[in-house]
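Note that the protein sequences, when read in sequence, are chains A and B. For the first sequence, the working numbering assigns the number 13 to the initial residue and increments by one for each residue that follows. For the second sequence, the working numbering assigns the number 13 to the initial residue and increments by one for each residue that follows. Here the structure is laid out as structure tokens; the discussion comes afterwards.
2 protein chains.
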Amino acid sequence: MTSAAVRRTPAEKHEERRRALAESALTTLGELGYARASLREIAANSAFSHGVVHYYFTDKLDLIVTCVRQYKATCVHRYDGVVDEATTPDGLARAFASALVRSVVDEAPMHRLWYDLRAQAMFTDELREAVLAIDATLEEMVWRVVERYADLAGAAPVVGPAAAYGLLDGLFQQALLGHLTARPGALAPLEGEVVRLLPTLVAPVGHHRHAPLAPP
Amino acid sequence: MTSAAVRRTPAEKHEERRRALAESALTTLGELGYARASLREIAANSAFSHGVVHYYFTDKLDLIVTCVRQYKATCVHRYDGVVDEATTPDGLARAFASALVRSVVDEAPMHRLWYDLRAQAMFTDELREAVLAIDATLEEMVWRVVERYADLAGAAPVVGPAAAYGLLDGLFQQALLGHLTARPGALAPLEGEVVRLLPTLVAPVGHHRHAPLAPP
DNA sequence: CGATCGTCTGGACGGTTGTCAAGACATTGA
DNA sequence: TCAATGTCTTGACAACCGTCCAGACGATCG
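Below is the structure:
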């Protein structure tokens with residue numbers, strides 16, 4: 013175990029394979045959904061056989077939760093570049109909106125998997141912890157955009173982080189459903205609606221009608 | 013077949029049993045979700061055995077779609093009374109908001125079943141037709157509230173029906189998830205946010221900044 | 001009353017699932 | 001080199017699923 017040539021510690025090779033298998037499972041889950049994705053199908057779409065799943069994961073739920081947490085890490089700071097590079101409120105709104113539309117198109121399987129898992133968490137409470145953790149992360153992600161928008165506009169938010177996330181998520185989910193089911197023109201309204209929504213979430217400092225419903 | 017004593021036509025008794033079995037299946041579906049609800053479990057929670065399902069329904073999907081359409085009929089005009097009895101815009105907003113909160117508490121299993129099915133429709137396209145039909149119905153239901161609110165406020169909507177439904181559905185789904193997973197105080201924000209959202213969807217006639225993005 | 005039809009039951013079938021165990025393979029230690 | 005440890009494959013098991021079917025039950029009608 014003390015060989016100098018091997019940079020990867022043998023115990024970390026294990027974790028590396030775990031991540032590789034989980035990432036391969038993520039694509040299959042995004043293709044078939046939580047219910048239809050069996051361990052054999054997940055393994056068939058990977059480089060391993062179906063028995064290896066129980067070598068790296070104790071349970072099917074252990075695999076799923078690991079996949080979900082891994083997916084969470086990929087999308088935490090997805091829009092941080094948009095937030096940092098924006099110089100005007102309208103510019104931030106338009107860049108954020110177009111980034112959302114691009115994400116619907118490019119990562120549709122991952123998004124529908126997320127909504128599938130969130131719906132399953134309403135039934136089986138074993139998923140609730142992981143799902144609520146991701147939900148909080150997405151809420152913070154949205155809130156960074158709203159706070160930055162308020163700063164650029166010289167205003168202050170009039171809603172809490174939860175409400176801002178709920179409103180945006182509703183528009184996003186609707187656009188995703190339209191994109192996956194019907195004609196290709198379902199994404200056009202999303203961009204305009206996000207640009208229209210953001211100004212309604214803030215108000216000029218000193219003139220805001222309501223205090224924030226939930227303080228950060 | 014021409015007996016005058018029998019008021020129920022024998023062919024309609026068949027449809028009546030279909031509806032009864034579908035309604036019984038709805039409760040089981042709302043309890044276990046789409047994936048876990050097997051035909052045996054559905055039949056076990058009803059007055060019949062598991063074999064009778066294929067006597068009234070050709071397929072499991074036929075049962076599910078029938079259940080979904082039946083559920084649709086129960087919630088189409090759920091808030092029409094609120095719309096009709098309102099006399100002021102703020103009164104309509106508060107009555108509608110509290111009705112939404114009551115629906116989350118009283119019919120949580122049905123709502124989570126709906127979100128489950130809508131997520132499944134993103135994967136299996138056999139559900140898409142029925143799901144999109146219900147989605148359009150819910151959109152019209154929300155739009156009736158928005159139009160009535162605009163009338164009472166002497167204003168006109170600044171968003172289309174789809175955007176109004178998407179925003180409200182996002183808040184509703186978030187409240188439902190919080191109600192089903194965490195502490196009982198998850199419903200308090202919903203009422204206030206709905207009251208705050210409605211004024212942002214309309215603008216005084218002649219002074220609106222934007223034309224409606226999607227004409228009715 | 002006996003026959004017929006609609007209704008319903010219980011069991012059986014093939015297929016799939018998660019899980020596990022026994023053994024093959026490789027890679028590394030002394 | 002040989003043994004040992006970790007890694008992976010293959011096959012099997014029990015349980016469950018949707019579906020189908022032979023037959024029992026009961027009401028209706030000639």
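Using N, Cα and C, we set each Cβ at its ideal position, and we do this for glycine too.
Residue nearest to residue i in terms of C-alpha spacing, selected from the options
i: residue 190(A); options: 185(B), 135(B), 171(B) and 215(B); result: 135(B)
i: residue 173(A); options: 166(A), 160(A), 165(A) and 138(A); result: 160(A)
i: residue 165(B); options: 110(B), 213(B), 181(B) and 154(B); result: 213(B)
i: residue 46(B); options: 144(A), 129(A), 86(A) and 171(A); result: 129(A)
i: residue 216(B); options: 169(B), 32(B), 122(B) and 185(B); result: 169(B)
i: residue 192(A); options: 192(B), 68(B), 179(B) and 131(B); result: 131(B)
i: residue 149(A); options: 32(A), 178(A) and 63(A); result: 178(A)
i: residue 113(A); options: 184(A), 100(A), 162(A) and 175(A); result: 184(A)
i: residue 29(B); options: 68(B), 197(B), 154(B) and 163(B); result: 68(B)
i: residue 229(A); options: 176(A), 153(A), 186(A) and 194(A); result: In this structure chain A extends from 13 to 228, so residue 229(A) is not present and cannot be described.
i: residue 60(A); options: 195(A), 167(A), 32(A) and 80(A); result: 32(A)
i: residue 229(B); options: 163(A), 182(A), 211(A) and 140(A); result: An answer regarding residue 229(B) cannot be provided, because it is not within the stretch 13 to 228 covered by chain B.
i: residue 147(B); options: 146(A), 133(A) and 186(A); result: 186(A)
i: residue 83(A); options: 36(A), 211(A) and 167(A); result: 36(A)
i: residue 126(B); options: 81(B), 58(B) and 71(B); result: 81(B)
i: residue 92(A); options: 57(A), 111(A) and 25(A); result: 111(A)
Whether residue i touches residue j by CB criterion (8 Å)
i: residue 117(A); j: residue 202(A); result: no
i: residue 90(B); j: residue 207(B); result: no
i: residue 40(B); j: residue 53(B); result: yes
i: residue 51(A); j: residue 124(A); result: no
i: residue 75(B); j: residue 34(B); result: yes
i: residue 209(B); j: residue 180(B); result: yes
i: residue 66(A); j: residue 55(A); result: no
i: residue 176(A); j: residue 155(A); result: yes
Chain B contact for residue i (CB, 8 Å cutoff)
i: residue 153(A); result: no
i: residue 91(A); result: no
i: residue 108(A); result: no
i: residue 192(A); result: yes
i: residue 212(A); result: yes
i: residue 112(A); result: no
i: residue 105(A); result: no
i: residue 18(A); result: Bear in mind that the predicted position of residue 18(A) carries a pLDDT of just 45, short of 50, making it too unreliable to give a figure here.
i: residue 208(A); result: yes
i: residue 164(A); result: no
i: residue 97(A); result: no
i: residue 231(A); result: The structure shown has nothing for residue 231(A), since chain A only spans 13 to 228.
i: residue 44(A); result: yes
i: residue 150(A); result: no
i: residue 189(A); result: yes
CB-CB length for residue i against residue j, believed under 8 Å
i: residue 88(B); j: residue 104(B); result: Incorrect: roughly 19 Å between the Cβ atoms, too far for contact.
i: residue 108(A); j: residue 157(A); result: 6 Å
i: residue 64(A); j: residue 142(A); result: With 8 Å as the limit, residue 64(A) and residue 142(A) do not qualify as a contact, their Cβ atoms being about 23 Å apart.
i: residue 121(B); j: residue 205(B); result: Not confirmed; about 23 Å, so no contact.
i: residue 138(A); j: residue 73(A); result: 6 Å
i: residue 182(A); j: residue 197(B); result: Residue 182(A) to residue 197(B), Cβ: 21 Å. No contact.
DSSP bridge partner residues for residue i (one or two, in chain order)
i: residue 169(B); result: 214(B)
8 Å Cβ cutoff, residue i in contact with chain A
i: residue 171(B); result: yes
i: residue 59(B); result: no
i: residue 195(B); result: no
i: residue 82(B); result: no
i: residue 27(B); result: no
i: residue 122(B); result: no
i: residue 224(B); result: Its pLDDT being 48, under 50, residue 224(B) is placed unreliably by the model, and the measurement read from it follows with that caveat. No, its Cβ sits nowhere closer than 8 Å to a Cβ of chain A.
i: residue 161(B); result: no
i: residue 138(B); result: no
i: residue 227(B); result: Unreliable placement is indicated for residue 227(B), whose pLDDT of 44 sits below 50; no coordinate value is reported for it.
i: residue 52(B); result: no
i: residue 174(B); result: yes
i: residue 128(B); result: yes
i: residue 201(B); result: yes
i: residue 119(B); result: no
i: residue 63(B); result: no
i: residue 131(B); result: yes
i: residue 73(B); result: no
i: residue 181(B); result: yes
i: residue 13(B); result: Unreliable placement is indicated for residue 13(B), whose pLDDT of 38 sits below 50; the coordinate value is still reported in the next sentence. Not an interface residue.
i: residue 47(B); result: yes
i: residue 38(B); result: no
i: residue 33(B); result: no
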